[in-house]
Amino acid sequence: MHATPMLGLSDARRALVAMLDAAEARPGRPVAVVIVDGHGDMVTFACMAGANPALARQNAFKKAYTAACMRTDTRAFAERILGSGRTLADFGTDALILDSGGLVITREANGPVLGGIGVSGRSSEEDEEIALAGRATLHLTPFERDR
């Protein structure tokens, strides 16, 4: 039998709170935060009052989903795809996104993917910084190939 590590709800909630605290610490537009498991299924979600439902909420999910399913942070994924001349249409799904603010969740460098974090609502750089606050709370490390 093969046992796969999983992201627990308590870990996801701890990361979610850390990201909301990070967003509230710096004034700016409201954000949406999503954490998905290794298959891209939502584990937890939060949205600050006033976040744009058509953009922030949907893009936060797409960032988390992209990070988990493509097994890399979304900034690295976007750079790789844009540098190769490919487009998202090549993947046959509208669930992926080419934007910073999505981070893969793993316990160790190049270890099994436990899920993805997605933040949206501010600039791509701010979204990524807020997502990093969540990953740091979980004491996780980025994939070696994304450094």
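Heads up: the sequence shown is residues -3 to 143, going by our numbering. Where is the CB? At the ideal position from N, CA and C, for every residue including glycine.
Expressed to the nearest angstrom, what Euclidean distance is found between the alpha-carbon atoms of residue i and residue j?
i    : j    : result
D33  : D17  : 22 Å
T70  : G107 : 17 Å
G88  : G81  : 16 Å
L128 : I113 : 9 Å
E122 : A74  : 17 Å
S116 : P23  : 15 Å
L134 : L84  : 30 Å
L92  : R25  : 23 Å
P1   : D90  : 28 Å
C43  : V29  : 6 Å
A64  : A47  : 23 Å
P49  : G36  : 20 Å
R21  : Q54  : Note on residue identity: the sequence assigns Ala, not Arg, to residue 21. Whole-angstrom Cα-Cα distance: 23 Å.
K58  : D86  : 16 Å
Excluding five sequence neighbours on each side, which residues of the same chain lie with their C-beta closer than 7 Å to the C-beta of residue i?
i    : result
I77  : L94
F139 : Note on F139: pLDDT 47, under 50, position unreliable in the model; no value is reported.
For residue i, does the three-state DSSP call read helix, strand or coil?
i    : result
S96  : coil
G112 : strand
T133 : helix
Are there 16 or more other CB atoms within 10 angstroms of the CB of residue i, so buried, or fewer, so exposed?
i    : result
A52  : buried
R141 : Only weak support exists for where R141 lies, its pLDDT of 40 falling under 50; the value from the coordinates is given anyway. With fewer than 16 Cβ atoms within 10 Å of its Cβ, R141 is classed as exposed.
L5   : exposed
S119 : exposed
A14  : buried
G79  : exposed
A56  : buried
For residue i, which residues of its own chain have a beta-carbon under 8 Å away from its beta-carbon, when the five flanking residues on both sides are left out?
i    : result
I31  : L3, A8, A11, L12, M38, V39, T40, F41, A60, I101, G111, G112, I113, G114, G130
A45  : P26
V109 : G34, A64, R67, V100, I101, T102
Excluding five sequence neighbours on each side, which residues of the same chain lie with their C-beta closer than 6 Å to the C-beta of residue i?
i    : result
M66  : F73
A19  : V27, I126
E124 : S96, G97
Point to revise | Segments assigned alpha helix (DSSP H), at least 4 residues, entirely inside the region -1 to 86 | key: 5 to 21, 54 to 66, 70 to 80
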